[in-house]
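Quick note: the sequence shown, position 170, residue 170 per full-length UniProt numbering, numbers continuous.
Glycine residues also receive a C-beta, built at the ideal position from the N, C-alpha and C atoms.
The structure presented is a predicted model; accordingly, all values stated were derived computationally and were not measured.
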Amino acid sequence: DYLQRATPEMENPKDFGNMPVHTFVLVKSSTICKAASNRAQELGFASMILTLTLEGESREAGIAFARIGAEIQRCSKPLMPPCVVVAGGETTVTIHGQCGEGGPNQEFALSAALQLDDEGVVIAAIDSDGTDGPTDIAGGIIDASTAERAKEKDIDISEHLSHHNASPVLRELNDTVITGHTGTNVNDLKLLLVD
């Protein structure tokens with residue numbers, strides 16, 4: 001009630017006591033996935049929403065996403081290139097032992113980068129709130145050159161992944177997605193572009 005009738009001059013409520021509480025969903029995961037898919041179509045790409053509930057270990061999901069890209073390149077399935085595959089949901093990272101700096105979307109992107117060997121595939125993994133893990137990075141955007149550039153700089157991506165230390169790698173390679181705090185949180189957005 002307060003939000004619907006509030007004016008800037010009204011005092012903020014200090015105690016909600018017995019006031020009725022209403023929940024309003026302003027945007028949900030399907031909204032950002034549909035928007036991404038629609039924008040891809042506007043830009044001339046075939047597109048599909050693979051899932052709104054992508055879950056599981058981030059590294060494994062990143063590998064699977066990269067393999068979908070390879071399948072599209074080799075067999076034109078489930079879409080003909082150029083295309084964009086969209087996924088929503090929230091993957092996780094299981095921490096064992098010492099960990100560095102990073103987050104689930106950064107690990108998703110770096111693990112996918114290790115699978116790409118052909119040009120023409122780009123993968124982005126982005127946290128909708130603008131902060132992936134305890135970092136100011138929203139996620140990562142990678143392609144086949146990511147692993148090559150890491151090798152040229154003597155960066156061992158696998159070693160960094162084993163210590164959950166994705167942020168320094170993505171920063172060094174300039175493969176970060178930085179949005180700033182978005183003021184919303186509707187899970188993660190994964191994008192797979194195949195040219």
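Going by Cα to Cα distance, which pick from His164, Val21, Glu172 and Ser162 is closest to Lys153?
Against the sequence shown, residue 153 aligns to sequence position 153. Ranking the options by Cα distance to Lys153, first place goes to Glu172.
May I have the straight-line CA-CA distance separating Ile95 from Ile142, to the nearest angstrom?
Stepping through the sequence shown from its first residue, residue 95 is reached at position 95. Stepping through the sequence shown from its first residue, residue 142 is reached at position 142. Their backbone Cα atoms lie some 23 Å apart in a straight line.
Kindly give me the distance between the Cβ atoms of Ala66 and Ala36, rounded to whole angstroms, as I take these residues to be in contact under 8 Å.
Position 66 of the sequence shown holds residue 66. Position 36 of the sequence shown holds residue 36. In fact, because the Cβ distance is near 18 Å, the residues do not count as touching under 8 Å.
What is the C-beta distance between Ala150 and Gly139, in whole angstroms, given that I count them as a contact (C-beta under 8 Å)?
To locate residue 150, count along the sequence shown from 1; it is residue 150. To locate residue 139, count along the sequence shown from 1; it is residue 139. Wrong, their Cβ atoms sit about 17 Å apart, outside the cutoff.
If distances are taken between C-alpha atoms only, which option among Asn105, Val121 and Pro104 comes closest to Arg74?
Position 74 of the sequence shown, counted from the first residue, corresponds to residue 74. The option with the nearest alpha carbon to Arg74 is Val121.
In terms of residue numbering, what span does the alpha helix (DSSP H) encompassing Thr146 cover?
Position 146 of the sequence shown holds residue 146. Segment Ala144 to Glu152, the alpha helix (DSSP H) holding Thr146.
Could you say which of Leu50, Asn165, Ser47 and Gln41 lies nearest to Gln98 if we only look at CA atoms?
On the sequence shown, residue 98 is found 98 positions in, with the first residue counted as 1. With distances taken between Cα atoms, Gln98 lies closest to Asn165.
If you draw a straight line from the alpha carbon of Pro91 to that of Ala61, how long is it in whole angstroms?
For the purposes of this step, residue 91 is taken as residue 91 along the sequence shown, with counting starting at 1. For the purposes of this step, residue 61 is taken as residue 61 along the sequence shown, with counting starting at 1. It is worth fixing the name first, because residue 91 is Thr in this sequence and not Pro. The alpha-carbon atoms of Thr91 and Ala61 are separated by roughly 8 Å.
With 16 as the cutoff for other CB atoms within 10 Å, does Leu161 come out buried or exposed?
Mapped onto the sequence shown, residue 161 falls at position 161. The residue in question, Leu161, is buried, as its Cβ has 16 or more Cβ neighbours within 10 Å.
For the ligand ATP, I want to know if His163 counts as a neighbour, meaning its beta carbon is within less than 7 Å of at least one of the ligand's heavy atoms.
Absence of the ligand ATP from the depicted structure is noted, as is the absence of any ligand whatsoever, leaving it without description.
Nearest by alpha-carbon distance to Cys33: which of Gly180, Lys190 and Asp195 is it?
The count along the sequence shown starts at 1 and reaches residue 33 at position 33. Of the candidates Gly180, Lys190 and Asp195, the one whose C-alpha sits nearest the C-alpha of Cys33 is Lys190.
Taking buried to mean at least 16 other C-beta atoms within 10 Å of its own C-beta, is Thr7 buried or exposed?
Here the question's residue 7 lines up with position 7 in the sequence shown. Exposed, since its Cβ has fewer than 16 Cβ neighbours within 10 Å.
Buried or exposed: where does Asp136 fall if 16 or more other Cβ atoms within 10 Å of its Cβ makes it buried?
Within the sequence shown, the letter at position 136 stands for residue 136. Classification for Asp136: exposed.
Starting from Val121, follow the alpha helix (DSSP H) in both directions and report where the run begins and ends.
In the sequence shown, residue 121 corresponds to position 121, counting from 1. Not the alpha helix (DSSP H): Val121 falls in the beta strand (DSSP E), residues Val121 to Asp127.
Which residues in the same chain have their Cβ closer than 7 Å to the Cβ of Ile63, if we skip the five residues on either side of it in sequence?
The sequence position of residue 63 within the sequence shown is 63, counting from 1. Excluding positions up to five away in sequence, the list reads Ser111, Ala112 and Gln115.
Please classify Glu9: is it buried, with 16 or more other beta-carbons within 10 angstroms of its beta-carbon, or exposed?
For this step, residue 9 is matched to residue 9 along the sequence shown. Result: exposed.
Name the residue from Ile72, Val93 and Asn38 whose alpha carbon lies nearest to the alpha carbon of Gly56.
Looking up residue 56 in the sequence shown gives position 56. The option with the nearest alpha carbon to Gly56 is Val93.
Once you ignore the five residues that flank Asp117 on each side, which residues in its own chain have a CB closer than 7 Å to its CB?
Along the sequence shown, read from residue 1 onward, the residue named residue 117 stands at position 117. The answer, listed in chain order, is Ala144.
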